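One structure is given here, and the rest of the page talks about it.
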Amino acid sequence: QHGVRVARNAGAHCSMASESTAGKIPVTIVTGFLGAGKTTLINHVLTGNHGKRIAVIENEFGEIGIDDALVVETQEEVFEMNNGCICCTVRGDLIRILNRLMRQKKKFDHILIETTGLADPAPVAQTFFMDEDMKKLLAIDSILTVVDAKHIGLHLNEKKVDCVNESEQQVAFADRILLNKCDLVTAEEKAEVRSMIKARNQFCDIVECTNSKVDLDQVLGINRFSLEHIVNDVDDHFAENDHDDHEHDDHHEHEQK
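Using the working numbering, you'd call the opening residue of the sequence shown number 30 and step up by one each time.
Written out as structure tokens, the structure is:
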């Protein structure tokens, strides 16, 4: 189940598109552990002064509620808000939702997809390469991971048996990381967190923030997505860690690259 929201706000925002993404609607996949600040970030995007028409597809556990007092018109599952947002609840898989968005008369400038806190972003990203229609119309702008500076260390170091560490995946797949809640940590703790992130993903850049407040040009139209990074760096990282675990099980030494 996903909810879809559209934001139309005043203002101006420009971004350069590469040749491979020219003419396609950019898509940002927003991921991050529960409580990291994803929903707060999306609220900022929906109310920001960026002049773009944005659709937000939120997961079924999204915390952005529709206030009945703000609804000025209701038609089927679509709710038009008096602040210019359009919200609708859609039941079905991601492809179905995206197809519905593409059929709308007014084009979107950007689409944001919020994943659940425990989700691996890879299957969502795969959607835009496996489906031919989606490949023609949409292009991933970035995988954006929101990180809680206070608690990410605990999440990253958590050892899980017979399953992957979701936080590690979300950090490893990120093109850009929003290091949120920086007001809750010391400079030394923040430096340690940055080091932990870079040890798992040298490719990403890190933007520090508090209360998920960042300039929207650091979130929209950044054109940071790299399939090569996912295929090479991310796969190598998890394969190497898996091999390292097996080596420790056998009481052998393993030298990391």
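Using N, Cα and C, we set each Cβ at its ideal position, and we do this for glycine too. Quantities reported herein were computed from a predicted structural model and do not represent experimental measurements.
{"Check": "Residue of 227, 257 and 238 minimising C-alpha distance to residue 248", "Outcome": "238"}
{"Check": "For residue 177, the first and last residue of its enclosing beta strand (DSSP E)", "Outcome": "167–177"}
{"Check": "Where residue 67 falls, given that 16 or more other Cβ within 10 Å makes a residue buried", "Outcome": "buried"}
{"Check": "Straight-line Cα distance separating residue 161 from residue 204", "Outcome": "24 Å"}
{"Check": "Cβ-Cβ distance between residue 140 and residue 54 below 9 Å", "Outcome": "yes"}
{"Check": "First and last residue of the uninterrupted alpha helix (DSSP H) at residue 184", "Outcome": "181–186"}
{"Check": "Where residue 261 falls, given that 16 or more other Cβ within 10 Å makes a residue buried", "Outcome": "exposed"}
{"Check": "Nearest neighbour of residue 152, chosen from 251, 58 and 219 [CA to CA]", "Outcome": "58"}
{"Check": "Residue 240 versus residue 61: straight-line alpha-carbon distance, rounded", "Outcome": "14 Å"}
{"Check": "Distance between residue 178 and residue 218 (C-alpha atoms, nearest Å)", "Outcome": "8 Å"}
{"Check": "For residue 77 and residue 193, the rounded distance between their alpha carbons", "Outcome": "35 Å"}
{"Check": "Classification of residue 159 by the beta-carbon crowding that lies within 10 angstroms, buried from 16 upward", "Outcome": "exposed"}
{"Check": "For residue 128, the three-state DSSP class (helix, strand or coil)", "Outcome": "helix"}
{"Check": "Residue 205 - containing beta strand (DSSP E), residue span", "Outcome": "205–209"}
{"Check": "Alpha-carbon to alpha-carbon, residue 85 and residue 71", "Outcome": "8 Å"}
{"Check": "Residue 215 classed as buried or exposed, judged by whether at least 16 other C-beta atoms fall within 10 angstroms", "Outcome": "exposed"}
{"Check": "For residue 57, the first and last residue of its enclosing alpha helix (DSSP H)", "Outcome": "Here residue 57 belongs to no alpha helix (DSSP H); instead the beta strand (DSSP E) covers 54–60."}
{"Check": "Residue 223 to residue 210 span [Cα, whole Å]", "Outcome": "13 Å"}
{"Check": "Buried or exposed by the 16-neighbour rule on C-beta atoms within 10 Å, applied to residue 191", "Outcome": "exposed"}
{"Check": "Local Cβ density within 10 Å of residue 164, reported as buried at 16 or more and exposed below that", "Outcome": "exposed"}
{"Check": "Residue 230 classed as buried or exposed, judged by whether at least 16 other C-beta atoms fall within 10 angstroms", "Outcome": "buried"}
{"Check": "Pair within 9 Å by beta-carbon distance, residue 156 and residue 124", "Outcome": "yes"}
{"Check": "Integer Cβ distance of residue 208 from residue 176, believed to fall under 8 Å", "Outcome": "5 Å"}
{"Check": "Limits of the alpha helix (DSSP H) - the one that residue 73 falls within", "Outcome": "67–76"}
{"Check": "Classification of residue 283 by the beta-carbon crowding that lies within 10 angstroms, buried from 16 upward", "Outcome": "Bear in mind that the predicted position of residue 283 carries a pLDDT of just 39, short of 50, making it unreliable; the figure below should be weighed with that in mind. By the 10 Å Cβ count, residue 283 comes out exposed."}
{"Check": "Reference residue 201; option with closest CA among 234, 135, 167 and 131", "Outcome": "234"}
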